[in-house]
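Asks: Take the position in the sequence shown, starting the count at 1, then add 109; the result is the number in the numbering used here.
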Amino acid sequence: MLLAPIPTQAPHNWQDIEKIPIIESNEPLQTIPNIENLKQFPIYFDHNVAHAINICVARQSVVQKLQQAADLLPEHLGIVVLDAWRSRAVQQAVQDEVGDIIKIKYPNLSLIEQQQLLSQFVAPVRSDFISPHLTGGSVDITLFERATGQWLDMGADFDEPTERSYTYFYEAQPEHPACDNRRLLYTVMTQVGFSNLPTEWWHFDYGNPLWAHHNQQNHAIYGAAHWEEESDIGNSIQAFTEPHFN
Numbered sequence: 110m111l112l113a114p115i116p117t118q119a120p121h122n123w124q125d126i127e128k129i130p131i132i133e134s135n136e137p138l139q140t141i142p143n144i145e146n147l148k149q150f151p152i153y154f155d156h157n158v159a160h161a162i163n164i165c166v167a168r169q170s171v172v173q174k175l176q177q178a179a180d181l182l183p184e185h186l187g188i189v190v191l192d193a194w195r196s197r198a199v200q201q202a203v204q205d206e207v208g209d210i211i212k213i214k215y216p217n218l219s220l221i222e223q224q225q226l227l228s229q230f231v232a233p234v235r236s237d238f239i240s241p242h243l244t245g246g247s248v249d250i251t252l253f254e255r256a257t258g259q260w261l262d263m264g265a266d267f268d269e270p271t272e273r274s275y276t277y278f279y280e281a282q283p284e285h286p287a288c289d290n291r292r293l294l295y296t297v298m299t300q301v302g303f304s305n306l307p308t309e310w311w312h313f314d315y316g317n318p319l320w321a322h323h324n325q326q327n328h329a330i331y332g333a334a335h336w337e338e339e340s341d342i343g344n345s346i347q348a349f350t351e352p353h354f355n
């Protein structure tokens, strides 16, 4: 597979994103499966983030496209989904945690500068704002070795609020393993219709306003979605006890 360089994209403005109209498709949320080349590991539940559910769910077309992207990978690799649909309560908890990391990591930044940095990595939390993950159209993912379950080197941790997390960061260091690994992930995901959040190598969108913005669509097809955790409790237990990702 030809791995083209990851393009540099201009940062988005959340105020522009929320102006994009939504024509809701009413597509249901469904559980992301655990198959040979596509797994789920609900990382916020594993890290005891408040209100996080122990399963990853996304819109039906998103799950189908994830399977298509996984099938484009070399046979020894797969995609693991770390997070997908996310409630407002979890969004708030994630914002609080990443905000605390930024305060510790960048004590010399002013409060306004810290908030500006936070907005690059976590969408706003407001009752009138539909964050990308709330739609069920966003997924946070990485690649893994099917034989061992080991995650590939992406050059920055998930949710790391630094420039290393910018998807194109390692284009300046083509000798680093993360350069090709990110190119591969970006290539298979964009080939099946996802867009990428340029500040987060792990974040991809389909159908929501962020996707509409990056793909120059005149409307989104996913608005806010809701999930009843107990509706799929058997699958949630199976997903969390998957032994490949500890």
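Idealized CB from N, CA, C, for every residue including glycine. Treat the numbers as computed from the prediction; the structure is a model and nothing was measured.
1) Does DSSP put H242 in a helix, in a strand, or in coil?
2) Since F267 contacts L186 with CB under 8 Å, what's their CB separation in whole angstroms?
3) Report buried or exposed for E272, applying the criterion of at least 16 other Cβ atoms within 10 angstroms of its Cβ.
4) Which residues bound the alpha helix (DSSP H) around R292?
5) Pull up the distance between the alpha-carbon of P307 and that of L111, whole angstroms please.
6) Mind checking L243: buried by the 16 CB within 10 Å criterion, or exposed?
7) Per the contact definition of three or more C-beta pairs closer than 8 Å, is the segment 229-240 in contact with the segment 277-287?
8) What's the call for Q282, buried or exposed, on a 16-neighbour Cβ count within 10 Å?
9) Write down every uninterrupted run of the alpha helix (DSSP H) in the segment 208-266 whose length is 4 residues or greater and which is fully enclosed by it, in chain order.
10) Can you have a look at H312 and say buried or exposed, based on whether 16 or more other CB atoms are within 10 angstroms of its CB?
11) With 7 Å as the threshold, decide whether the Cβ of P241 is near any Cβ in chain E.
12) Please name the residue in N324, A329 and L294 whose C-alpha comes closest to that of Q177.
13) One question on the structure: do A159 and A202 come within less than 7 Å of each other, judged by their Cβ atoms?
14) May I have the straight-line CA-CA distance separating A113 from N163, to the nearest angstrom?
15) Work out the CA separation of G316 and N122 for me, nearest whole Å.
16) Excluding five sequence neighbours on each side, which residues of the same chain lie with their C-beta closer than 8 Å to the C-beta of P120?
17) What residue does the beta strand (DSSP E) around F313 start on, and which one ends it?
18) Rounded C-beta distance between L218 and L227? I'm assuming under 8 Å.
19) For A167, which beta-bridge partners are listed by DSSP?
20) Within this structure, are the beta carbons of I141 and C165 separated by less than 7 Å?
21) Have a look at D262, W310, K148 and G246 and flag the residue whose alpha-carbon is nearest the alpha-carbon of A333.
22) Select from G208, N146, P241 and Q124 the residue whose C-alpha is nearest the C-alpha of G258.
Replies: Let me spell this out:
1) helix
2) Between L186 and F267 the Cβ distance is about 18 Å, and since that is not below 8 Å, they are no contact.
3) exposed
4) P286 to Q300
5) 21 Å
6) buried
7) no
8) exposed
9) 220-230
10) buried
11) Absent from the structure: chain E. Only one protein chain is present.
12) L294
13) yes
14) 36 Å
15) 18 Å
16) Q229, P307 and T308
17) H312 to D314
18) Wrong, their Cβ atoms sit about 10 Å apart, outside the cutoff.
19) Q139
20) yes
21) G246
22) N146
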